[in-house]
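Q: Note that my numbering has the sequence shown beginning at 1002, numbered continuously upward.
C-beta: ideal position from N, C-alpha, C; glycine also.
Being a predicted model, the structure only gives us computed values, none of them experimental.
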Amino acid sequence: MTKFLLTHPIAGIATIALFAASCTTEGTGEVALGHSDHPMDHHSNARPSEASITHLDLDITVDMDARRIEGSASYDVVRPGRAGRIIFDTEGLEILGVTIDGVGEAAYRLGPKSFLGQALEVDLPPEAERVRIDYRTGPDAKALQWLAPHQTAGGNAPFLFTQGQAILTRTWIPVQDSPGIRFTYTAKVRVPTGLLALMSAENPQRISADGQYTFRMDQPIPAYLIALAVGDLEFRGLGARTGVYAEPSVVEKAAWEFADTERMLEVSEDLYGPYRWERYDVIVLPPSFPFGGMENPRLTFATPTIIAGDRSLTALIAHEMAHSWSGNLVTNATWDDFWLNEGFTVYFENRICEAVYGQDYAHMHHLLGHQDLEATVARLKAKGQTADTHLRLDLTGRDPDEGLTDVAYEKGFAFLRAIEERVGREVFDGFLRDYFDRFAFQSMTTDRFLDHLRINLLEPHGVTMDVAAWVDGPGIPADAVVPVSDRFIKVEAEMERWMAGAPARDLITTEWTTHEWLHFLRALQPGIGAARLAELDQAFQFTASGNSEILAVWLDQSIANDYGVAYERLDQFLTTVGRRKFLVPLYQRLLETEKGRIMAQTIYRNARPNYHSVSVRTIDELLAWKDTSPPVDF
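Given below as structure tokens:
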């Protein structure tokens, strides 16, 4: 997943799974995690040391009018100790019945409600190997966003998409919802005729005449990577193994924007080994999607806000593609180990971008991320949440969504970059390729990775570094590598010229990319004033920008300097775009003044129905939302 809570001011229980007997990876002396040895997961009720799922057959009907999914989830089960029960995660589901193949109806119990949902405990007779759960989703399933036709690009058909990470798959499928439990799946999905259904699996490329679709995912994945989208969609091929799905009015723009996708895939394989998922396709979702992208295997879910018309924001595709190795192939075993997914992916993303777009691009991308990290660390420390600046987290008793910040992404990347600096790129590339091969389709804990790092890289190359400072220490260690960007130095020189009185229209900006504009706008001095912003706007048309990254930073500066010309665009942007990366900083900025607070409440009342539950939860809390204020004009 791309960073979803950028905190730069202008960018932006239960049940414990016990270790059982372990097996050893041949020739390495390292512990390999199987179905019976799973680390503690604070965020799942499952007990995989007793019983775990290995395969899912999903059979569901999607009712777009009733906004409900109904059907069955049938699981193959393994029980290392022949336990008499299996426990699933659910939240808000109506359980219609549970049966055991060859036996009949099974006794089951739902546990008490908590922020983890409810445990579903099913009794297993000695011969049980397969469990079927009949169910339907509730009206407020957090993973599901149902969109009316007017909330889509085409305006002609309803739309549905799911978002499972971190612990939301349990709201639309009864499942063992832990990232450390992997399984294969098939699905039969029935939708209204005229709509295309897609999943994180083998996908059709055309609409079915009868609205029935079948899917297969032969590679084992964790529950958070099961995904479904249903809508008026078309497909365009990008290369031999790549393509894009989008609404008809968007698909050609998306195909042009993502033209480098096949090249990125080739570069990725050159770096770190074969792509093991057969196809890499992208679906462009409606703008309410709460993240930049989600790395659902075979089918990245992407926001339309990366379609800028100049291919300048496609680093997001590189990021989600990199997850095909770091995250989907080798997966964090718990959400406390989230940096193992995202830090590796940001490193990999940077390498892809360097190979495709050049070192200057990669350095600028790195520096913008470092700015985000510095701002995030400062914010967390100011709030007394210093422990959340560690790479290894302790999210016990918390929704994991609360702890998944820029730290996992950018500090994780910085840690790997610091290792590369010590051992050299060639050696580090060999280490990473072996890592992805050796632990393919396995779960990884922080301790397990650190042991592997020490035994296979640091000690053989005589490298000493303060690993503890990176993993379990606060903030940004002093040995972080921060590149120098000649292009940013030139941007800063133009900023100085403008601040010294040079007209904005005379600044040398003709070859600037999105990265350079972001660096320029982020560097504007606090309280510069609306008049100076007006000069920039007249020269560069920021308020009318079609680049969402630039626009979001510009709108933040407009709020900070009470540049009223941009307020209509701010209203439109916050009402139509649900990407949380943009929403949080803008609403936070509005809350700094009484005028802004009233604006925020008024805009949010209209915008809230367009947001996914992930964004709603965050903004409700931020605004202490109560829909009692009368409409206000501003």
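If we require 4 or more residues per run, which alpha helix (DSSP H) segments fall completely within the stretch 1256 to 1297?
A: 1262 to 1273, all fully within the stretch 1256 to 1297.
Q: Of all the beta strand (DSSP E) runs that stay within the bounds of the stretch 1059 to 1102, which reach a length of 3 or more residues?
A: Runs of the beta strand (DSSP E) inside the stretch 1059 to 1102: 1069 to 1079, 1086 to 1091, 1095 to 1101.
Q: So what's A1419 in DSSP terms, helix, strand or just coil?
A: Looking at A1419 - three-state DSSP - the assignment turns out to be helix.
Q: Could you say which of K1412, R1137, I1061, A1501 lies nearest to K1684 if we only look at CA atoms?
A: Nothing in the structure corresponds to residue 1684, since the chain is present only between 1002 and 1635.
Q: Look at the Cβ atom of G1637, then the Cβ atom of E1258, and state whether they are nearer than 8 Å.
A: The question about residue 1637 has no answer, for the chain in this structure spans 1002 to 1635.
Q: Looking only at its chain, what residues have a beta carbon closer than 6 Å to the beta carbon of A982, apart from the 5 residues adjacent to it on each side?
A: Residue 982 lies beyond the range of the chain shown here (1002 to 1635); nothing can be said about it.
Q: Should P1175 go down as buried or exposed, given a rule of 16 or more other Cβ atoms within 10 Å for buried?
A: Under this definition P1175 is a buried residue.
Q: Since Q1220 is in the beta strand (DSSP E), which residue starts that stretch and which ends it?
A: 1213 to 1223 is the extent of the beta strand (DSSP E) around Q1220.
Q: Tell me where the beta strand (DSSP E) around W1147 begins and ends.
A: First-last of the beta strand (DSSP E) with W1147: 1145 to 1148.
Q: Quick check: what's the CA-CA separation for L1392 versus T1332?
A: Going from the Cα of L1392 to the Cα of T1332 covers about 15 Å.
Q: If the criterion is Cβ atoms closer than 8 Å, does the pair R1299 and Y1273 meet it?
A: Taking 8 Å as the Cβ cut-off, R1299 and Y1273 do not qualify as a contacting pair.
Q: For the beta strand (DSSP E) containing V1378, list its first residue and its last residue.
A: That residue, V1378, is in no beta strand (DSSP E); its alpha helix (DSSP H) goes 1360 to 1383.
Q: Return the Cβ separation of Q1164 and P1291 in integer angstroms, given the expectation that the two are a contact with Cβ distance under 8 Å.
A: Rounded, the Cβ-Cβ distance is 7 Å, consistent with contact.
Q: Closer than 6 Å by C-beta to A1247: which residues in its own chain qualify, once you throw out the five before and the five after it? Chain order, please.
A: Only A1255, V1285 meet the Cβ criterion.
Q: How about H1516: is its C-beta nearer than 8 Å to some C-beta of chain B?
A: In the structure shown, chain B does not exist; there is a single protein chain.
Q: For Q1558, count neighbouring C-beta atoms within 10 Å of its own C-beta (all shown protein chains included) and say buried if the count is 16 or more, exposed if not.
A: Buried, because 16 or more other Cβ atoms sit within 10 Å of the Cβ of Q1558.
Q: So does the stretch 1367 to 1377 actually touch the stretch 1517 to 1531, counting three or more Cβ pairs closer than 8 Å?
A: The stretch 1367 to 1377 vs the stretch 1517 to 1531: in contact.
Q: What does F1184 pair with, by DSSP beta-bridge criteria?
A: Per DSSP, I1222.
Q: State the DSSP-derived secondary structure class of D1124, mapped to helix, strand or coil.
A: DSSP places D1124 in strand when its eight states are reduced to three.
Q: Report buried or exposed for C1024, applying the criterion of at least 16 other Cβ atoms within 10 angstroms of its Cβ.
A: Legend: pLDDT at C1024 = 36, less than 50; position of this residue unreliable, value from coordinates given subsequently. The residue in question, C1024, is exposed, as its Cβ has fewer than 16 Cβ neighbours within 10 Å.
Q: DSSP three-state label for I1227, please.
A: Residue state, collapsed to three classes: coil.
Q: Would you mind working out which of L1592, A1224, E1095, M1496 sits nearest S1053, comparing C-alpha positions?
A: Considering only alpha carbons, the answer is A1224.
Q: Whole angstroms is fine: what's the gap from T1100's alpha carbon to A1334's?
A: Going by the C-alpha atoms only, they are around 30 Å apart.
Q: I'd like to know whether the C-beta atoms of G1093 and D1141 end up nearer to each other than 8 Å.
A: Yes, the pair counts as a contact, with Cβ atoms nearer than the cut-off.
Q: Which residues in the same chain as G1155 place their Cβ atom closer than 7 Å to its Cβ, once the five residues preceding and following it in sequence are excluded?
A: The residues are D1233, E1248, P1249, S1250.
Q: Is V1492 helix, strand or coil by DSSP?
A: Looking at V1492 - three-state DSSP - the assignment turns out to be helix.
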